[in-house]
Amino acid sequence: MGKTGTVFARLARKRQQRREAERQRRGDEHYRRQLQVATDNAITTAVRARMAEPITNLHIVNPLRVTTGDVIARALEEFALSVPHEDAAAMLRHRLEHRGHARWPDLITDAYEETQS
Numbered sequence: 000m001g002k003t004g005t006v007f008a009r010l011a012r013k014r015q016q017r018r019e020a021e022r023q024r025r026g027d028e029h030y031r032r033q034l035q036v037a038t039d040n041a042i043t044t045a046v047r048a049r050m051a052e053p054i055t056n057l058h059i060v061n062p063l064r065v066t067t068g069d070v071i072a073r074a075l076e077e078f079a080l081s082v083p084h085e086d087a088a089a090m091l092r093h094r095l096e097h098r099g100h101a102r103w104p105d106l107i108t109d110a111y112e113e114t115q116s
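Using numbering that gives the first Met the number 0, you'd call the opening residue of the sequence shown number 0 and step up by one each time.
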């Protein structure tokens, strides 16, 4: 193989590496978006469930309950996506903070608990 063949082989290898890196980046972005949608849907369901509960005493506020298990179940149900507990907890923390629910005094979640190893 001459010098020209070596140059072409090197260029083809670089092109293949760039394609593989781009495919990996797109796959990671797709996973992140699906996890974000599943998390948002879990939070929305929890908020709606809280608002649907009847008010029997004005001094008692029903808590907002959303867990990483809710996120994992939503991702599996909606996208057939298997999500590790750490990813679900990180996205749940991010979305609760983004949507302003993290500061709610009656929020009940396990997203801020330390992971058990």
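The beta-carbon is built from N, C-alpha and C at its ideal position, and this holds for glycine as well. Predicted model, so just to flag it, every value in this text is computed and none were measured.
Check: Selection from R64, E77, G68, H58 that minimises the alpha carbon distance to A101; Outcome: R64
Check: Buried/exposed call for I42, threshold 16 Cβ in 10 Å; Outcome: buried
Check: Burial state of R14 (16 or more Cβ within 10 Å); Outcome: exposed
Check: Exposed unless 16 or more other CB atoms sit within 10 angstroms - verdict on L91; Outcome: buried
Check: Sufficient close CB pairs (3 or more, under 8 Å) joining the stretch 64-81 to the stretch 15-24; Outcome: no
Check: Nonlocal neighbours in the same chain, by C-beta distance under 7 Å from S116, ignoring five residues either side; Outcome: Its pLDDT being 45, under 50, S116 is placed unreliably by the model, and nothing is read from it.
Check: CA-to-CA distance, I59 to Q35, given in whole angstroms; Outcome: 31 Å
Check: Proximity below 9 Å, CB of G68 to CB of D109; Outcome: yes
Check: Secondary structure of Q115, DSSP reduced to three states; Outcome: Any reading at Q115 is ruled out, since the residue's pLDDT is 49, under 50, leaving its predicted position unreliable.
Check: Cβ distance (whole Å) where F78 is taken to contact A37 below 8 Å; Outcome: 7 Å
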